[in-house]
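See structure below.
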Amino acid sequence: MGVTVIPADCLVPVGAGPTVWHFANQILNAVDLAKQHANLFLLSVSNFSCMIDAFTHAILASELGSKPYLILEIDAHTADAGVQTRLEAFLDIVQNYHAGQTSLAQWFTPCRLTKGGSVICSSGERVQLTDPRVKVYFLNFSQYHTESMAMAAGWLGLHAGDVLAIDRSQLDLGLQSTSGRECLPLPLCIGQLLRIHQNRQPGEIVGYYMVRGGAPCVSESYMGYFERFIVEHRLTDIFLLDPAPENDYLGFDGAHLAKHLAPAILIADIIVEVDYVLRVVGAPGSIEQLQQEWRRFTSLAHTLDEFHSELPAFVERLAALPRTRDPLTCPRAVVTGDFFTRFSPFFMDDVRNLYAERGIILKPVDLSELFMYVAYDGLTEMADNWGMKPGGLALAKACTRVFEHDGQQYLQRWWSYQAGRKAAEYYRGLFAKTGLVISKPNNVPAMFEKSSEHISSKIFPVVIAARRQGRADCDARDQQRHQRAQAG
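Just so we're aligned: the sequence shown equals residues 2 to 489 in this note's numbering.
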């Protein structure tokens with residue numbers, strides 16, 4: 002056809018690339034170069050239903066604006082004639098292309114979160130995050146976690162919106178607005194966002210929060226996808242609630258924010274575990290009683306102080322829930338994978354019930370493990386730069402460098418990890434009195450040490466956490482057998 006073709010791997014990289022995926026970075030590098038040169042146009046060849054390409058291609062429209070590009074999606078049934086026709090049509094479009102068209106981003110201003118926890122609306126009005134018109138919504142991948150986070154938002158003086166239960170209609174709604182190639186949690190999240198948009202009150206400003214972390218598609222692509230989606234669909238007065246230094250951690254001190262959010266996540270992890278245990282050992286009606294007690298507890302805990310004052314009575318009521326046997330006598334299976342799937346009733350209800358029918362308790366890896374992993378991984382990386390392992394020597398080294406940035410950063414991360422570890426031990430110790438908690442807080446240093454013999458600590462935190470949790474469960478079962486043998 003007389004067109005000069007430059008393969009993506011022959012282009013000089015503009016930078017290291019924004020994602021963890023090599024070929025996705027090649028495509029995005031080509032996009033950057035195409036934006037800089039008027040005579041360069043992008044042609045991306047993809048295989049059928051490639052999830053990574055689904056996220057990458059979603060970036061193209063917003064990045065290239067009005068500049069034409071072509072995506073050729075090929076499978077085993079693709080005919081040469083069809084490809085030829087599409088290439089000819091693309092070249093016709095390129096020849097007729099005129100630069101200078103107005104892009105979508107130039108005539109729509111998205112709502113955004115700025116420094117000090119201020120929200121700038123689509124109209125330009127600036128309001129505080131604590132303004133009653135601002136309602137914060139949390140991604141519902143787990144009813145307990147979402148309700149717990151909404152409770153914690155109230156402790157911070159924020160106004161939480163209604164918690165939407167997960168249902169199939171949200172997925173269907175999301176699939177209508179996505180390519181269908183993305184992993185299912187993404188259209189489910191998009192469907193939840195659109196449902197919130199449909200149901201919100203006049204004048205309501207929506208802040209939508211989802212966890213930044215987990216599998217690479219979540220940590221690398223979801224936030225950018227949502228930002229583009231809000232612009233492309235002109236969703237006014239909707240912003241992403243993402244605690245970060247750029248917005249001064251929502252206008253709160255980072256330690257203050259962690260102090261309020263950490264208990265909510267830890268408690269939700271424990272209540273999910275209690276729920277799964279009762280599915281196997283609970284007497285008829287025990288699940289309904291648990292849910293009733295949970296709603297009663299969250300309705301009484303209006304502040305963090307009230308949360309702690311209500312905890313002992315809540316634990317006592319859970320300890321009184323009827324059960325048919327001791328959960329420690331039941332076999333257990335650890336559930337790993339992304340937090341969307343391992344907690345969500347949308348994905349897990351049937352699996353959980355199938356195991357429960359056979360007397361097997363499922364134990365999802367705790368969401369709090371993700372944050373503990375991140376905190377300890379930071380310590381490991383910094384200590385490694387000093388030629389050490391995290392521990393007493395590295396801590397002493399940090400103390401000698403207390404006036405240096407790396408020393409201060411190590412001490413901050415050490416404090417963050419230790420605070421999280423002690424909190425996990427405290428809450429799990431408290432709920433152990435219910436007789437419905439089957440696991441103990443993970444020993445993250447041992448987790449790193451043992452898992453590093455088999456897998457890289459850089460793969461994913463849930464893999465390491467799952468292996469450690471599974472090992473802990475095996476150790477607990479061995480100890481129980483030993484005790485029964487001695488008693489016999």
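By construction, the Cβ of each residue, glycine as well, lies at the ideal position given by its N, Cα and C atoms.
In this text the structure is predicted, and so the values were computed from the model without any measurement.
Beta strand (DSSP E) containing LEU43: first to last residue?
Residue numbering aside, residue 43 sits at position 42 when the sequence shown is read from its first letter. First-last of the beta strand (DSSP E) with LEU43: 43-48.
Counting only runs of 4+ residues fully inside the segment 125-168, write out the alpha helix (DSSP H) ranges in chain order.
Runs found: 144-156.
Let me check one thing: in DSSP terms, what residues is LEU291 bridge-paired to?
Here residue 291 refers to the residue found at position 290 when the sequence shown is read from its first residue. DSSP, once it has assigned bridges, lists no residue as partnering LEU291.
With DSSP as the reference, label GLY101 as helix, strand or coil.
Within the sequence shown, numbered from 1, the residue matching residue 101 stands at position 100. With a pLDDT of 46 at GLY101, under the threshold of 50, the modelled position of that residue is not reliable, and no figure is offered here.
When you compare the CB positions of ALA25 and ALA9, do they come within less than 8 Å of one another, or not?
Working through the sequence shown from its first residue, we reach residue 25 at position 24. Working through the sequence shown from its first residue, we reach residue 9 at position 8. No, the Cβ-Cβ distance between ALA25 and ALA9 is not below 8 Å.
Taking 8 Å as the cut-off, does the segment 195-214 touch the segment 238-247 (at least 3 CB pairs, one atom from each stretch)?
A contact exists between the segment 238-247 and the segment 195-214.
Where does PHE230 sit, in a helix, a strand or coil, going by DSSP?
Residue numbering aside, residue 230 sits at position 229 when the sequence shown is read from its first letter. Here PHE230 sits in helix by DSSP.
Output the boundary residues of the beta strand (DSSP E) element that contains PHE240.
The residue given as residue 240 occupies position 239 in the sequence shown. Here the beta strand (DSSP E) through PHE240 covers 239-241.
Which residue marks the beginning of the beta strand (DSSP E) containing GLU74, and which one marks its end?
As a working mapping, residue 74 is identified with position 73 in the sequence shown. Run containing GLU74: 70-75, per the beta strand (DSSP E) assignment.
Note down, in chain order, each residue of its chain lying with its Cβ closer than 7 Å to the Cβ of PRO244, except the 5 sequence neighbours on either side.
On the sequence shown, residue 244 is found 243 positions in, with the first residue counted as 1. Only TYR250, LEU251 and LEU258 meet the Cβ criterion.
For CYS1, count neighbouring C-beta atoms within 10 Å of its own C-beta (all shown protein chains included) and say buried if the count is 16 or more, exposed if not.
Outside the shown range of the chain, which is 2 to 489, sits residue 1, and nothing can be said about it.
I need the boundaries of the alpha helix (DSSP H) containing ILE361, first residue and last residue.
Residue numbering aside, residue 361 sits at position 360 when the sequence shown is read from its first letter. Per DSSP, ILE361 belongs to no alpha helix (DSSP H) and is neither H nor E.
Less than 8 Å between the beta carbons of ARG422 and LYS441, yes or no?
The count along the sequence shown starts at 1 and reaches residue 422 at position 421. The count along the sequence shown starts at 1 and reaches residue 441 at position 440. Not closer than 8 Å, so no.
Say the cut is 7 Å; is the CB of GLY408 nearer than that to a heavy atom of the ligand PLP?
The ligand PLP is not among the ligands present in this structure, which contains no ligands whatsoever.
If you drop the 5 nearest sequence neighbours on each side, which residues of the same chain put their C-beta closer than 8 Å to that of VAL438?
Start at 1 with the first residue of the sequence shown, and residue 438 comes out as number 437. So the qualifying residues of the chain are ILE271, GLU274, VAL275, VAL278, ARG429 and PHE432.
May I have the straight-line CA-CA distance separating ILE288 from LEU165, to the nearest angstrom?
Mapped onto the sequence shown, residue 288 falls at position 287. Mapped onto the sequence shown, residue 165 falls at position 164. Distance between the alpha carbons of ILE288 and LEU165 is about 20 Å.
Enumerate in chain order the residues of its own chain whose CB-to-CB distance from ASP476 is below 7 Å, with the five nearest sequence positions on each side excluded.
Here the question's residue 476 lines up with position 475 in the sequence shown. Note that ASP476 scores a pLDDT of 46, beneath 50, so its modelled location is shaky; the value from the coordinates is reported in the next line. Counting only Cβ-Cβ distances below 7 Å, and skipping sequence neighbours, we find nothing.
For PRO264, which three-state DSSP category applies?
As a working mapping, residue 264 is identified with position 263 in the sequence shown. Residue state, collapsed to three classes: helix.
Consult DSSP for ARG324 and reduce its assignment to one of helix, strand or coil.
For the purposes of this step, residue 324 is taken as residue 323 along the sequence shown, with counting starting at 1. In the structure shown, ARG324 sits in a strand (DSSP, three-state: E or B).
Which residue comes first and which comes last in the beta strand (DSSP E) that contains GLY208?
On the sequence shown, residue 208 is found 207 positions in, with the first residue counted as 1. Element bounds for GLY208: 206-210.
So who's on the other strand from SER119, going by DSSP bridges?
Position 118 of the sequence shown, counted from the start, is the residue given in the question as residue 119. Note: SER119 sits in a beta bridge opposite GLN129.
Going by DSSP, what residue range makes up the beta strand (DSSP E) through ARG201?
Residue 201 sits at position 200 when you count from the first residue of the sequence shown. Looking at the DSSP string, ARG201 is not in any beta strand (DSSP E), and its letter there is neither H nor E.
Anyone know if the C-beta pair for LEU322 and LEU301 falls short of 8 Å?
Translated into positions along the sequence shown, residue 322 becomes position 321. Translated into positions along the sequence shown, residue 301 becomes position 300. Their beta carbons are not under 8 Å apart, which means LEU322 does not touch LEU301 by this criterion.
Does DSSP classify ALA488 as helix, strand or coil?
As a working mapping, residue 488 is identified with position 487 in the sequence shown. For ALA488, the predicted structure reports a pLDDT of 48, less than 50, and the residue's modelled location is therefore unreliable. The matter cannot be settled from this model.
Measuring CA to CA, which of SER124, VAL316, PRO186 and HIS23 is closest to PHE227?
Along the sequence shown, one-based indexing puts residue 227 at 226. Closest option to PHE227, Cα to Cα, is PRO186.
Judging by CA-CA distance, which residue of ASP76, LYS260, THR147 and TRP108 is the nearest neighbour of TRP156?
Within the sequence shown, residue 156 is the residue found at index 155, counting from 1. Selected option, being the one with the closest Cα: LYS260.
Are the segment 375-394 and the segment 173-183 touching by the rule of at least three beta carbon pairs closer than 8 Å?
No, they do not touch.
Does DSSP classify ARG113 as helix, strand or coil?
As a first step, residue 113 must be located in the sequence shown, where it is residue number 112. In this structure, ARG113 counts as strand in the three-state DSSP scheme.
Take ARG127 and list the residues in its own chain whose beta-carbon comes closer than 6 Å to its own, dropping the five residues that flank it on each side.
Residue numbering aside, residue 127 sits at position 126 when the sequence shown is read from its first letter. Once the five neighbours on either side are set aside, the close Cβ partners of ARG127 are SER119 and ILE121.
In angstroms, rounded to a whole number, what distance separates the CA positions of ALA490 and VAL316?
This structure cannot speak to residue 490, because the chain is shown only from 2 to 489.
Based on the DSSP secondary-structure assignment, which residues constitute the bridge partners of PRO186?
What you label residue 186 is simply residue 185 of the sequence shown in a count that begins at 1. DSSP output for PRO186 lists no bridge partner at all.
If we ignore side chains and look at the alpha-carbon of each, how far apart do VAL6 and ALA17 end up?
What you label residue 6 is simply residue 5 of the sequence shown in a count that begins at 1. What you label residue 17 is simply residue 16 of the sequence shown in a count that begins at 1. So the two alpha carbons sit approximately 23 Å from each other.
Taking all protein chains shown into account, do 16 or more other C-beta atoms lie within 10 angstroms of the C-beta of TRP22, making it buried, or fewer, making it exposed?
Counting from 1 along the sequence shown, the entry for residue 22 is found at position 21. Buried, since its Cβ has 16 or more Cβ neighbours within 10 Å.
Pick out whichever of THR337, PRO332 and ARG296 has its Cα sitting closest to the Cα of ARG318.
To locate residue 318, count along the sequence shown from 1; it is residue 317. If we check each option's Cα against that of ARG318, ARG296 comes out closest.
Look at ILE197 and GLY162 and say whether their C-beta atoms are less than 8 Å apart.
The residue labelled residue 197 in the question sits at position 196 within the sequence shown. The residue labelled residue 162 in the question sits at position 161 within the sequence shown. Yes, the pair counts as a contact, with Cβ atoms nearer than the cut-off.
Leaving out the 5 sequence neighbours to the left and right, which residues in its chain are closer than 6 Å to ALA395 when beta-carbon positions are compared?
Indexing the sequence shown from 1 puts residue 395 at position 394. Cβ neighbours of ALA395 beyond the five flanking positions: ALA384 and MET389.
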